[in-house]
Structure formats: structure tokens, C-alpha cells
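Below is one structure, written out as C-alpha cells; the observations come after it.
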Amino acid sequence: MIEVEIVGVRIELPSNQPLVLLKEIHGERHVPIWIGTPEASAIALAQQGVVPPRPMTHDLLVDVVEALGHTIVSVNIVAVEDNIFYGQLQFENGTTVSSRASDALALALRAKCRIWCADAVMDEAGVRITEHDEGEDTHPGPAVDEEGELRRFREFLDDVEPEDFGG
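Quick note on our numbering: the sequence shown kicks off at 81 and runs consecutively.
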């Protein structure tokens, strides 16, 4: 397993599909994972340190786990099949629970635990992002314009209606 960190959430254009970008801590590869809008919001808000007035679903789950006397010690991205990423929550007592990768990552930020990616996932989905790819030819910088992406995402949230989700 390779330890990774969440670089940020971005909206891919022209599809307007959100993705979360992971980066190996001791390497140069990144793993882009396309995710849903609610999970993108949950990850972005946690990264920005925003605490909602009432617990959101991921906050609630971490609170329940802690109230039951347990701890999420790590989140693992364990597989990718047909561009679908599979996650796993690892508890202090050795118990593991299967999860969508996006939910696992949202929980990792709230539980402040380590994130691991299976070697096979990194080999299959990992990409190297160079400064030239990012349009930053003059100096190194973050892989994602987090403030700009967060601003655009908040603008999206301001205009979205429940009917837009077709449920």
C-alpha cells in the first residue's frame, strides 16, 4: 500500500464532473477519482475546515463510530474496476468495512486518519502531473487551484435545486 493525501477537489470541464485528486506522499503520481457532487462538497468543505451548523452524513458517521468507542485508523483505496474505485474503512480493532472511495475519503478528512492506496490501483490509475501539464511553467505550485475550484463549486451550489438530481 502507498500512502496518499488529498490534493483537492476540482470540476473537470466541459463535463462539469467533480473529481478528487490524490497524490502519493513519497512520489510524483496522482490518482484522479471522479465522484458525485454531494461527496465533492463533503470533501471540499472538510478540507476548508467548514463546520456545518448541523452534522452532515459523514460527520454523523464519524460521531457514531466514536460514540461506540471505536476509531477509524485508516482509509484504503483497494481496487479499481471499470473506472469505479473501491474503498475500505479500517478500524482500530482490525475490522474493515467496504465503502465507496469518495465516502471513505470524506470520512478520512473528518477522522483525521491516514489514506492508503493499493499498489495495483496506483499502477493502473496513477498519472504523473508535470508543471507543464498544469500550465505553471515558471514556478512549482499546487496541483489544484483550490480557492478557485471552491468558489466555482459554491456558485454551483447556490444555483442547484433538488429537482436537478432527478430523484
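Don't be surprised by glycine CBs; every beta carbon is placed ideally from N, CA and C.
1. Quick check on residue 92: buried or exposed, where buried means 16 or more other Cβ atoms within 10 Å of its Cβ?
2. What separation, rounded to the nearest whole angstrom, lies between the Cα atoms of residue 214 and residue 208?
3. Since residue 115 and residue 182 should fall inside the 8 angstroms C-beta cutoff, what is the C-beta to C-beta distance between them, to a whole number of angstroms?
4. Could you tell me the distance, in whole angstroms, from the CA atom of residue 180 to the CA atom of residue 190?
5. Three or more C-beta pairs under 8 angstroms: does that hold for the stretch 141-157 against the stretch 120-131?
6. In or out: residue 212 buried (at least 16 other Cβ within 10 Å) or exposed?
7. When DSSP labels each residue in this structure, what does residue 140 get in the three-state scheme?
8. For residue 170, which of helix, strand or coil comes out of DSSP?
9. Kindly list the residues whose CB is nearer than 7 angstroms to the CB of residue 169, restricted to its own chain and excluding five residues on each side of it in sequence; keep chain order.
10. Quick check on residue 126: buried or exposed, where buried means 16 or more other Cβ atoms within 10 Å of its Cβ?
Based on what the coordinates show:
1. As a working note, residue 92 is residue 12 in the sequence shown. With fewer than 16 Cβ atoms within 10 Å of its Cβ, residue 92 is classed as exposed.
2. Here residue 214 corresponds to residue number 134 of the sequence shown, with the count starting at 1. Here residue 208 corresponds to residue number 128 of the sequence shown, with the count starting at 1. Confidence at residue 214 is low in this model, with a pLDDT of 47, below 50, so its placement is unreliable and the value that follows should be read with caution. Taking the CA atoms as reference points, residue 214 sits about 11 angstroms from residue 208.
3. Translated into positions along the sequence shown, residue 115 becomes position 35. Translated into positions along the sequence shown, residue 182 becomes position 102. Between residue 182 and residue 115 the Cβ distance is about 4 angstroms, and since that is below 8 angstroms, they are a contact.
4. Indexing the sequence shown from 1 puts residue 180 at position 100. Indexing the sequence shown from 1 puts residue 190 at position 110. So the two alpha carbons sit approximately 16 angstroms from each other.
5. no
6. Here residue 212 refers to the residue found at position 132 when the sequence shown is read from its first residue. For residue 212, the pLDDT reaches just 48, beneath the cut-off of 50, and the residue's location in the model is therefore unreliable, although a value from the coordinates is still provided. Exposed: under 16 other Cβ atoms inside 10 Å.
7. Indexing the sequence shown from 1 puts residue 140 at position 60. Helix, per DSSP.
8. Here residue 170 is taken as the residue at index 90 of the sequence shown, counted from 1. Residue state, collapsed to three classes: strand.
9. Numbered from 1 along the sequence shown, position 89 holds the residue referred to as residue 169. The residues are 152, 155, 176, 177, 179, 184 and 187.
10. As a position in the sequence shown, residue 126 is number 46, starting the count at 1. Buried is the call here.
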